[in-house]
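Undergrad: Sharing a structure here in structure tokens format.
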């Protein structure tokens with residue numbers, strides 16, 4: 025596994041705008057994440073706190089590179105996009121991994137891809153693999169022991185979460201965790217009702 029925190033452009037104090045799906049009222053998700061984090065504690069990964077669980081949809085850019093006009097245009101475009109898309113339910117699970125994280129797979133991808141495709145973004149379109157992380161790797165380490173530990177945890181029942189809005193956040197790093205300030209929330213389906 026690689027060090028998740030070793031990312032280009034991120035320097036101390038730097039912030040970036042992202043679109044996230046968040047789940048503040050999801051006790052089943054929090055319970056599952058905490059239980060699985062406890063199961064993997066011996067790997068000394070950086071557990072994602074309950075209020076930090078999210079699905080990253082797209083990146084707009086570092087705050088010092090996004091002009092007020094660009095941000096305003098992005099907000100207007102996002103309002104149109106979200107207003108035309110219906111709310112949906114997201115299935116979370118099974119547990120999986122990536123080079124820098126342990127995460128839940130999520131489905132269906134179709135509404136997530138539709139949202140992402142319509143957002144003004146600097147994120148590469150082809151690289152989008154929707155997921156919900158529970159822990160980040162904080163150093164290079166062999167992946168096989170983590171894969172072996174995750175294998176028996178993959179049979180858990182999935183969790184279903186309502187997706188009713190998208191959030192534009194100003195993201196920062198604090199002590200090997202992502203924290204954010206909400207810039208704006210965009211309800212889904214305002215134009216389809």
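Numbering (our numbering), first residue to last: 25 to 217. Glycine included, C-beta positions come from ideal geometry on N, C-alpha and C.
Among 162, 159, 127 and 109, which one has its Cα closest to the Cα of residue 140?
TA: Numbered from 1 along the chain shown, position 116 holds the residue referred to as residue 140. Comparing Cα-Cα distances from residue 140 to each of 162, 159, 127 and 109, the minimum goes to 109.
Undergrad: Assuming contact is defined by CB atoms lying nearer than 8 Å, are residue 191 and residue 209 in contact in what I supplied?
TA: Within the chain shown, numbered from 1, the residue matching residue 191 stands at position 167. Within the chain shown, numbered from 1, the residue matching residue 209 stands at position 185. Yes, these two residues count as a Cβ contact at 8 Å.
Undergrad: Along the chain, which unbroken stretches of the beta strand (DSSP E) at least 3 residues long are found entirely within the segment 86-173?
TA: 112-122, 125-131 and 155-160
Undergrad: What did DSSP end up calling residue 186 once you bin it into helix, strand or coil?
TA: For this step, residue 186 is matched to residue 162 along the chain shown. In this structure, residue 186 counts as strand in the three-state DSSP scheme.
Undergrad: In the DSSP output, what is residue 46 paired with across the bridge?
TA: Sequence index remark: in the chain shown, residue 46 carries index 22 (1-based). Bridge partners of residue 46: 78.
Undergrad: Please list, in chain order, all residues of the same chain as residue 237 whose beta carbon is under 8 Å from its beta carbon, the five residues on each side excluded.
TA: The structure shown does not extend to residue 237, since the chain is modelled only from 25 through 217, so no value can be given for it.
Undergrad: Buried or exposed: residue 161, going by 16 or more other Cβ atoms within 10 Å of its Cβ?
TA: Reading the chain shown from its first residue, position 137 is the one you call residue 161. The residue is buried, with at least 16 neighbouring Cβ atoms inside 10 Å.
Undergrad: Using a threshold of 8 Å, state whether the C-beta atoms of residue 174 and residue 119 are closer than that.
TA: Numbered from its first residue, the chain shown carries residue 174 at position 150. Numbered from its first residue, the chain shown carries residue 119 at position 95. It is a contact, given that the beta carbons lie within the stated cut-off.
Undergrad: Which of helix, strand or coil does DSSP assign to residue 51?
TA: Counting from one through the chain shown, the residue named residue 51 turns up at place 27. Correct three-state label for residue 51: helix.
Undergrad: Assuming residue 159 and residue 71 form a contact by the criterion Cβ under 8 Å, report the distance between their Cβ atoms to the nearest whole angstrom.
TA: Here the question's residue 159 lines up with position 135 in the chain shown. Here the question's residue 71 lines up with position 47 in the chain shown. Correct: roughly 5 Å between the Cβ atoms.
Undergrad: Taking the C-alpha atoms as reference points, what is the distance between residue 117 and residue 89?
TA: Sequence index remark: in the chain shown, residue 117 carries index 93 (1-based). Sequence index remark: in the chain shown, residue 89 carries index 65 (1-based). In a straight line, the C-alpha of residue 117 is about 35 Å away from that of residue 89.
Undergrad: Are residue 113 and residue 186 close, meaning C-beta to C-beta below 8 Å?
TA: For the purposes of this step, residue 113 is identified with residue 89 of the chain shown, where counting begins at 1. For the purposes of this step, residue 186 is identified with residue 162 of the chain shown, where counting begins at 1. Contact: yes.
Undergrad: What do you reckon, are the CB atoms on residue 63 and residue 177 nearer than 8 Å?
TA: Here residue 63 is taken as the residue at index 39 of the chain shown, counted from 1. Here residue 177 is taken as the residue at index 153 of the chain shown, counted from 1. Result yes, Cβ atoms of residue 63 and residue 177 sit closer than 8 Å.
Undergrad: Let me confirm a value: residue 82 is counted as buried when at least 16 other C-beta atoms fall within 10 Å, else exposed. Which label applies?
TA: To locate residue 82, count along the chain shown from 1; it is residue 58. By the 10 Å Cβ count, residue 82 comes out buried.
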